[in-house]
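Each remark here refers to the structure printed beneath this line.
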């Protein structure tokens, strides 16, 4: 006589499965083979018209330009489309287990020109428990917006009106080399950067978080290669203030509450491509020696350099559109010298000094930009 199942037997549910099987299911359904785009955007310089019809203007009489940040909401949606994110909103147990795998096994990417606020907002939104699971962040880094520093330390818009962002105060972590201040263009760095690293430093996980900063324009401490006749040479300059502050915050926050000689809770690497003028100059081949000579300048500014796609000294690259042939590099900031000092202003600031201004009178004495 067949035995019928006992009426007291609990029904088989997802939580009846062993945890290792549930984790395997989470990995299949919540892990992406490519970085997950959290935020994507760009800054555009758009005209604003004083008349309703933008075709009705006389030259530029009724037209002004403003900076706007355009956010691509579809990028984040598309990045998650292949994942079963509903698991993150199931019962308390399932959502917690799923979140641990989701945040631990994916790389989260902030793509494009941000001002650090989106990174901070996301870290605050996901909460302390999920921040603790993070293992990999990738963030595009552009050179900070530039503002005009006056001789009294006050910061105002660039004199040509091209400042994009809110004007941020000088970081208290950056010492002053002289008073009165050296006037000129300086990098304006969002205090949100420090708060980001404060939050990352609160993690208690034994798994180290890898933070990759992808350098999207000129590399810090060197800037671009200024060619003769360049109309706006000041745009190629990039100070060391941002990487110096990042390293300062890493030394302050990365060791958490444990012993200082323990492994830091997070690490930071900077990655980029060698400047195009080094490998695509008038259709000539460029040797490894030339690139190394140029990158020596970066090392002199406090970087440890690891070059990729450069196998031997005699290697050469012929310029064409295959980006696989572009030498890339990974940078790690060397130990900071203390006290940490802010960089001098942009060396091309002199072209913005207005005749008759206090800075113009001081320039006659100091000759800083003469």
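Numbering (my numbering), first residue to last: 2 to 371.
Ideal Cβ positions, reconstructed from N, Cα and C, are used throughout, including at glycine.
It should be emphasised that the depicted structure is a prediction, and the values quoted were computed from it without experimental measurement.
Chain-order list of residues whose beta-carbon lies under 7 Å from that of residue i (same chain, five-residue window excluded)
i: residue 101; result: 134
i: residue 177; result: 343
i: residue 183; result: 345, 346, 369
i: residue 152; result: 181, 182, 184, 359, 360, 363
Buried or exposed by the 16-neighbour rule on C-beta atoms within 10 Å, applied to residue i
i: residue 46; result: exposed
i: residue 164; result: buried
i: residue 321; result: Because residue 321 sits at a pLDDT of 46, beneath the cut-off of 50, its placement in the model cannot be relied upon, and the following sentence gives the value as read from the coordinates. It counts as exposed.
i: residue 21; result: exposed
i: residue 13; result: exposed
i: residue 222; result: buried
i: residue 241; result: buried
i: residue 235; result: buried
i: residue 38; result: buried
i: residue 314; result: Here residue 314 scores only 40 on pLDDT, less than 50, and its place in the model should not be relied on; the value that follows carries that caveat. By the neighbour-count rule (16 or more Cβ atoms within 10 Å), residue 314 is not buried but exposed.
i: residue 275; result: buried
i: residue 373; result: Since the first residue shown for the chain is 2 and the last is 371, residue 373 is missing from the structure and cannot be characterised.
i: residue 233; result: exposed
Residue interval of the beta strand (DSSP E) (run including residue i)
i: residue 331; result: 329-334
i: residue 211; result: 210-216
i: residue 253; result: Element bounds for residue 253: not the beta strand (DSSP E) but the alpha helix (DSSP H), 242-254.
i: residue 139; result: 137-142
i: residue 185; result: 185-189
Cβ neighbours of residue i in the same chain (closer than 6 Å, five flanking residues each side left out)
i: residue 131; result: 100, 104
i: residue 324; result: With a pLDDT of only 47 at residue 324, under 50, the local geometry of the prediction cannot be trusted, and the value read off the model is given with reservation. Excluding residues within five positions, none has a Cβ falling inside 6 Å.
i: residue 137; result: 108, 211
i: residue 30; result: 85
i: residue 191; result: 116, 117, 169
i: residue 41; result: 73, 76, 112, 113
Element boundaries [alpha helix (DSSP H), containing residue i]
i: residue 111; result: Premise fails: residue 111 lies in the beta strand (DSSP E), 109-113, not in any alpha helix (DSSP H).
i: residue 231; result: Note, residue 231: premise wrong, no alpha helix (DSSP H); not H, not E.
i: residue 28; result: 20-31
i: residue 128; result: 118-134
i: residue 202; result: 193-202
Bridge-paired residues (DSSP) for residue i
i: residue 38; result: 110
i: residue 157; result: 149
i: residue 270; result: 213
i: residue 362; result: Residue 362 is not bridged to any residue.
i: residue 309; result: 329
i: residue 71; result: 43
i: residue 304; result: 334
Cut-off 8 Å between Cβ atoms - residues of its own chain near residue i, not counting five sequence neighbours on either side
i: residue 337; result: 245, 248, 249, 252, 303
i: residue 309; result: 328, 329, 330, 331
i: residue 272; result: 213, 214, 215, 216, 329, 330, 331, 332
i: residue 11; result: 17
i: residue 283; result: With a pLDDT of only 43 at residue 283, under the threshold of 50, the placement of this residue in the model should not be trusted; the figure read from the coordinates follows. Contacts found: none.
Ranges of the alpha helix (DSSP H) found wholly within the stretch 76-112, counting only runs of at least 4: Runs of the alpha helix (DSSP H) spanning 4 or more residues and lying entirely within the stretch 76-112 occur at 93-105, in chain order.
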